[in-house]
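J.: To get our numbering, take the position in the sequence shown, counting from 1, and add 16. Structure below; questions to follow.
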Amino acid sequence: MTITNHISIKTLGRYEAKLAKTMKGQAFRAHVFAAKAGVRELKRVVHTIKPFPPIDKRAYIDGFTVKAQAALGQVEIVNTAPHAVFVENGRRKGARRPPVEAITPWVRRKFGLRGKRARSMAFAVSTSISRKGIKKKPVSKMAAPGIKRAYLKALRDYNLEWLKKAGR
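Structure representation (structure tokens):
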């Protein structure tokens with residue numbers, strides 16, 4: 017038979033209760049730090065996607081960020097790029113045509129076209145996307161194991177560093 021001692025923060029003294037509150041904030045800061053390491057791993061992995069990485073003007077890569085909600089104690093890795101949802105989930109066949117204005121800058125960079133030629137090429141690309149759809153490239157899912165490794169390593173390193181400082 018094993019005996020378990022339950023210690024509640026309420027039963028501790030004032031110093032211990034203050035320490036527990038400090039450590040709760042410290043744990044949250046550690047998770048934010050670790051999530052940023054996960055974002056760095058995601059940004060690294062995007063370049064390795066086959067056959068074509070979803071990179072154009074780095075908007076997709078730079079869209080990865082950490083959303084921290086201290087009140088809830090949550091940390092999320094999100095992508096704020098406007099087209100991120102289409103990269104991750106794809107786009108079904110037969111859907112509405114994407115706006116030509118959104119594709120025209122890409123056509124200018126990709127094909128070096130200007131003026132009416134760029135707009136007509138963007139219209140053709142838009143129509144093709146509408147007819148054929150876009151194949152999904154689930155970057156977050158593919159990068160999940162690497163994100164987890166980077167997250168856990170950063171969390172461990174951050175906590176060890178904090179404990180060294182606290183021990184002085």
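Just so you know, even glycine gets a beta-carbon here, dropped at the ideal spot from N, CA and C. Since we're looking at a predicted model, the values are computed, not measured.
(1) Does the pairing of the stretch 123 to 142 with the stretch 160 to 177 give three or more beta-carbon distances under 8 angstroms?
(2) How about Lys152 and Gly106: do their beta carbons lie closer than 8 angstroms?
(3) Taking the alpha helix (DSSP H) that Ala75 belongs to, which residues open and close that run?
(4) With DSSP run on the structure shown, which of helix, strand or coil describes Arg147?
(5) Considering only C-alpha positions, which residue in the set Arg130, Val141 and Phe49 is nearest to Lys83?
(6) Spatial neighbours of Gly79 within its chain, please: C-beta separation below 7 angstroms, excluding the five flanking residues on both sides.
(7) Under the three-state reduction of DSSP, which class applies to Thr120: helix, strand or coil?
(8) Which residues does DSSP list as the beta-bridge partners of Ile93?
(9) So, at 6 angstroms on beta carbons, what are the nonlocal neighbours of Ala138 in its own chain, with the 5 sequence-adjacent residues on each side left out?
T.: Judging by the given coordinates:
(1) No, they do not touch.
(2) The sequence position of residue 152 within the sequence shown is 136, counting from 1. The sequence position of residue 106 within the sequence shown is 90, counting from 1. Result yes, Cβ atoms of Lys152 and Gly106 sit closer than 8 angstroms.
(3) For this step, residue 75 is matched to residue 59 along the sequence shown. Note, Ala75: alpha helix (DSSP H), Ala75 to Asp78.
(4) Mapped onto the sequence shown, residue 147 falls at position 131. Under the three-state reduction of DSSP output, Arg147 falls in the helix class.
(5) Taking the sequence shown and counting its residues from 1, one reaches residue 83 at position 67. For the set Arg130, Val141 and Phe49, the Cα lying nearest the Cα of Lys83 is the one of Phe49.
(6) Counting from 1 along the sequence shown, the entry for residue 79 is found at position 63. Asn95, Thr96, Ala97 and Ala100.
(7) Within the sequence shown, residue 120 is the residue found at index 104, counting from 1. The three-state reading of DSSP puts Thr120 in helix, counting H, G and I together.
(8) To locate residue 93, count along the sequence shown from 1; it is residue 77. DSSP lists Val82 as the bridge partner or partners of Ile93.
(9) For this step, residue 138 is matched to residue 122 along the sequence shown. Around Ala138: Val116, Ile119, Thr120 and Val123.
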